[in-house]
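Chemist:
2 protein chains.
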Amino acid sequence: MGASKTDHFTDQQNRIAILCKALAHPARVAILEYLLKVNACICGDIVSELPLAQPTVSQHLRELKNAGLIQGEVEGNAICYCINEATVRNLEEYLSDVLNRLNNKEVNCCEF
Amino acid sequence: MGASKTDHFTDQQNRIAILCKALAHPARVAILEYLLKVNACICGDIVSELPLAQPTVSQHLRELKNAGLIQGEVEGNAICYCINEATVRNLEEYLSDVLNRLNNKEVNCCEF
DNA sequence: AAATAATATTGCAATATTACGATAAATATA
DNA sequence: TATATTTATCGTAATATTGCAATATTATTT
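Residue numbers (the working numbering), protein chains in the order written: chain A, 1 to 112; chain B, 1001 to 1112.
1) If the cut is a Cβ gap below 9 Å, which residues of chain A does Glu1049 of chain B touch?
2) Cβ closer than 7 Å: which chain A residues qualify as neighbours of Glu1063 of chain B?
3) Going by DSSP, name the residue or residues bridged to Ala1078 of chain B.
4) Any beta carbon from chain B within less than 8 Å of Gln13 of chain A's own beta carbon?
5) Tell me where the alpha helix (DSSP H) around Glu1033 of chain B begins and ends.
6) Please identify the residue among A:Ala22, A:Leu19 and A:Ala86 whose C-alpha is closest to the C-alpha of Leu1102 of chain B.
7) If the cut is a Cβ gap below 8 Å, which residues of chain A does Ala1053 of chain B touch?
8) Quick check on this structure: which residue in A:Cys82, A:Leu52 and A:Val74 has the alpha carbon closest to the alpha carbon of Ala40 of chain A?
9) Within 8 Å of any Cβ in chain A, is that where the Cβ of Cys1020 of chain B sits?
10) Hey, quick one: how far does the alpha helix (DSSP H) through Ala1017 of chain B stretch, first residue to last?
11) What residue from B:Ser1004, B:Ala1030 and B:Phe1009 has the CA that sits closest to Asp11 of chain A's CA?
12) In chain order, what residues of the region 23-47 of chain A put their CB closer than 8 Å to some CB of chain B?
13) Between the alpha carbons of Ile18 of chain A and Ala1024 of chain B, how many angstroms are there, rounded?
14) Would a check of beta-carbon distances place His60 of chain A closer than 8 Å to chain B?
15) Buried or exposed for Phe1112 of chain B, please, with buried defined as at least 16 other CB atoms from any protein chain shown within 10 angstroms of its CB.
16) Among B:Ile1046, B:Ile1016 and B:Lys1105, which one has its Cα closest to the Cα of Leu1061 of chain B?
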């Protein structure tokens, strides 16, 4: 095979997996951090910041955009990307909830 | 290609990418949630909970374990898995930090 | 309108992931 | 010790991801 059986999982499980997959490559984490660091965020800057060719960066940007983690805006003949806060928050809140539920458990059996 | 250029990124960027990759499949998110829900955490239970064959589940469990998100303990002739809280917290804190830095930015240019 | 600049898309090769049947390994029980 | 039970590993097919050169697209400038 090679394709995952998304039908059998809940919408939330699929959504979290999609968000995580978008961050499952160090280049895409680096893009996120770069967008965080700078106040201008033109695609060309990202290309020169990363050790990857322009088409590769463009592909990574598209994956981040498809997952809703960033959004792009046409700015002259360049494109300005920035972080979509709400989506990052979704993932953060999910993990926060996991930690809360974990702490409210009577036993987390293997944990010493 | 197909292999990512991990050398060119920071340790943190690689670590975050590894954690996210471990959660980049709905089955592995489902495993995490199942471990959260139950107080016993036997591998066989996970297999019967998921719509996947036993070797496939075993493979997903190994990936979660390799990323440090869960740990397994021999329990008779079964194996008891549970969530490694510290690792989940690492990821949650990273995202929390991203959100903080985002809110402290003067401008997040594209965000209306 | 032609040339320039910035980003996206296409096509393709190399590698990784996903899934599972068959089988092995490890432990428990009769 | 033989058998059953549980989980891991191997082998392999199908699909996905990664990376980039070549090229297309879009917008700007001359």
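For each residue, glycine too, the CB sits at the ideal point set by N, CA and C.
Note that this is a predicted model, so its numbers are computed, not measured.
Modeler: Checking against the coordinates, here is how it stands:
1) Residues of chain A passing the Cβ test: none, with the nearest at roughly 11 Å.
2) By Cβ distance, chain A contributes nothing, its closest Cβ being about 11 Å from Glu1063 of chain B, past 7 Å.
3) Ala1078 of chain B is bridged to B:Glu1075.
4) So yes, Gln13 of chain A belongs to the interface.
5) Pro1026 to Lys1037 is the span of the alpha helix (DSSP H), which, as asked, contains Glu1033 of chain B.
6) Taking only the C-alpha atoms, the option nearest Leu1102 of chain B is A:Ala86.
7) Going along chain A, no residue has its Cβ under 8 Å from Ala1053 of chain B, so there is no contact; the nearest lies around 11 Å.
8) When each option's Cα is compared against that of Ala40 of chain A, the closest is A:Cys82.
9) Cβ-Cβ to chain A under 8 Å: yes for Cys1020 of chain B.
10) Residues Asp1011 to Ala1022.
11) It is B:Ala1030 whose Cα lies nearest to the Cα of Asp11 of chain A.
12) From the region 23-47 of chain A, only Leu23, Ala24, His25, Pro26, Ala27, Arg28, Val29, Ala30, Leu32, Glu33, Leu36, Asn39, Ala40 and Cys41 have a Cβ closer than 8 Å to chain B.
13) Roughly 6 Å separates the two Cα atoms.
14) No, no contact with chain B.
15) Residue placement at Phe1112 of chain B is flagged as unreliable, the pLDDT there being 48, under the threshold of 50; the coordinate-derived value follows with that caveat. Exposed, since its Cβ has fewer than 16 Cβ neighbours within 10 Å.
16) Checked all of B:Ile1046, B:Ile1016 and B:Lys1105; the closest Cα to Leu1061 of chain B is B:Ile1046.
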